[in-house]
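Participant: Structure in structure tokens, see below.
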Amino acid sequence: MKKYLKIIWDGISPANPVLIIAIGLCSVIAVSNSVKSALLMTFSFGLVLIPSEIIISTIRKLIPDEIRVPMFVVVIAAFTTMSVLLSRAYFTTIYDVIKLYILLIVVNCIIIGRAEAFAYVHPVVESLFDGIGMTIGYGWVLTAIAVVRELLGKGTLAGIQVLPQSFQPALIMILPPAGFLMIGILVGALETYLRKKGDKK
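Structural data, given as structure tokens:
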């Protein structure tokens, strides 16, 4: 069980797909100006990544190396379609705002990267936990950035007014440059944490 917990922890922190591996940044910057959008994107991301890793790991010995990437895309596209249908059916308002980025999950660098680097060379159970860890890692970064950007840029959290009406929103916080800024701050914080943790060992 420790092995599986380590796989999950790797996705959350030491091998975080956004802050450490630094891929899939476009969607993070684009949808992290709203907590609702961040949560829906995380849900959609996990709905694609986790089953895709399971399926690819299950059939990995049947996939010739020469066509593995097209096969990955076919599997990922199937689950992306499912994610789109569910999001459109149950979260219509938010989906209409970020639908482009949900559709682009099919070519998301993180998902294709995990299919290639992990699911294709590891057993099913390990791939399941890798998918869970990477989803949590992606989700906490996306949501943390969204909380700060929405709070300072709109004075709201998940669309609910939490700061006084007299608060003057910093409109730059809902623009893409603020997304880059927040990622930079989190990268620095995580690197410092990991370095101190390493020094203690």
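In my numbering, the protein residues as written are 56 to 256. Built from N, CA and C at the ideal position, the CB exists for glycine as well.
Can you give me the Cβ contacts of Ala225 inside the same chain, cut-off strictly under 7 Å, excluding the 5 residues immediately before and after it?
Facilitator: On the sequence shown, position 170 is the one that residue 225 refers to. Leu207, Gly208.
Participant: Taking only the alpha-carbon atoms, compute the straight-line gap between Met96 and Ala244 and give it to the nearest angstrom.
Facilitator: Taking the first residue of the sequence shown as 1, we reach residue 96 at position 41. Taking the first residue of the sequence shown as 1, we reach residue 244 at position 189. Straight-line Cα distance between these residues: approximately 24 Å.
Participant: Thinking C-beta only, is Ser87 closer than 9 Å to Ile200?
Facilitator: One-based indexing of the sequence shown puts residue 200 at position 145. One-based indexing of the sequence shown puts residue 87 at position 32. Taking 9 Å as the Cβ cut-off, Ile200 and Ser87 qualify as a contacting pair.
Participant: Would you mind working out which of Val176, Ala133, Arg250, Val73 sits nearest Ile114, comparing C-alpha positions?
Facilitator: As a first step, residue 114 is located in the sequence shown; it is residue number 59 there, counting from the start. When only C-alpha atoms are compared, the closest one is Val176.
Participant: Give me the Cα-Cα distance between Ser142 and Ile153, rounded to the nearest whole angstrom.
Facilitator: The sequence position of residue 142 within the sequence shown is 87, counting from 1. The sequence position of residue 153 within the sequence shown is 98, counting from 1. Taking the straight line from one Cα to the other gives about 10 Å.
Participant: Output the boundary residues of the alpha helix (DSSP H) element that contains Ser68.
Facilitator: Start at 1 with the first residue of the sequence shown, and residue 68 comes out as number 13. No alpha helix (DSSP H) holds Ser68; DSSP gives it neither H nor E.
Participant: Below 8 Å on the Cβ atoms is my contact criterion, and I expect Ile157 with Ser138 to pass it. Report the Cβ-Cβ distance as a whole number of Å.
Facilitator: Translated into the one-based positions of the sequence shown, residue 157 becomes position 102. Translated into the one-based positions of the sequence shown, residue 138 becomes position 83. Their Cβ separation, rounded to whole angstroms, is 6 Å, which keeps Ile157 and Ser138 in contact under 8 Å.
Participant: Name the DSSP bridge partner or partners of Gln223?
Facilitator: Numbered from 1 along the sequence shown, position 168 holds the residue referred to as residue 223. Beta-bridge pairing links Gln223 to no other residue.
Participant: So what does DSSP say about Leu241, is it helix, strand or coil?
Facilitator: Looking up residue 241 in the sequence shown gives position 186. In the structure shown, Leu241 sits in a helix (DSSP, three-state: H, G or I).
Participant: Determine whether the beta carbon atoms of Tyr193 and Ile229 lie at a separation below 9 Å.
Facilitator: Counting from 1 along the sequence shown, the entry for residue 193 is found at position 138. Counting from 1 along the sequence shown, the entry for residue 229 is found at position 174. Cβ distance not < 9 Å, so Tyr193 and Ile229 don't count as in contact.
Participant: Taking only the alpha-carbon atoms, compute the straight-line gap between Gly101 and Leu197 and give it to the nearest angstrom.
Facilitator: Residue mapping note: residue 101 aligns to position 46 of the sequence shown, counting from 1. Residue mapping note: residue 197 aligns to position 142 of the sequence shown, counting from 1. About 13 Å.
Participant: Is it the case that the Cβ atoms of Glu181 and Lys58 are separated by a distance below 9 Å?
Facilitator: Along the sequence shown, read from residue 1 onward, the residue named residue 181 stands at position 126. Along the sequence shown, read from residue 1 onward, the residue named residue 58 stands at position 3. Yes, these two residues count as a Cβ contact at 9 Å.
Participant: With distance defined between alpha-carbon atoms, name the residue in Ile76, Ala174, Ile167, Leu80 nearest to Ala132.
Facilitator: Counting from 1 along the sequence shown, the entry for residue 132 is found at position 77. With distances taken between Cα atoms, Ala132 lies closest to Ile167.
Participant: Between the Cα of Asp65 and the Cα atoms of Ile122, Phe173, Ser92, which residue gives the shortest distance?
Facilitator: Residue mapping note: residue 65 aligns to position 10 of the sequence shown, counting from 1. Considering only alpha carbons, the answer is Phe173.
Participant: Within this structure, are the beta carbons of Val73 and Ile240 separated by less than 9 Å?
Facilitator: Locating residue 73 in the sequence shown gives position 18, where the first residue counts as 1. Locating residue 240 in the sequence shown gives position 185, where the first residue counts as 1. No, Cβ-Cβ distance for Val73 and Ile240 is not below 9 Å.
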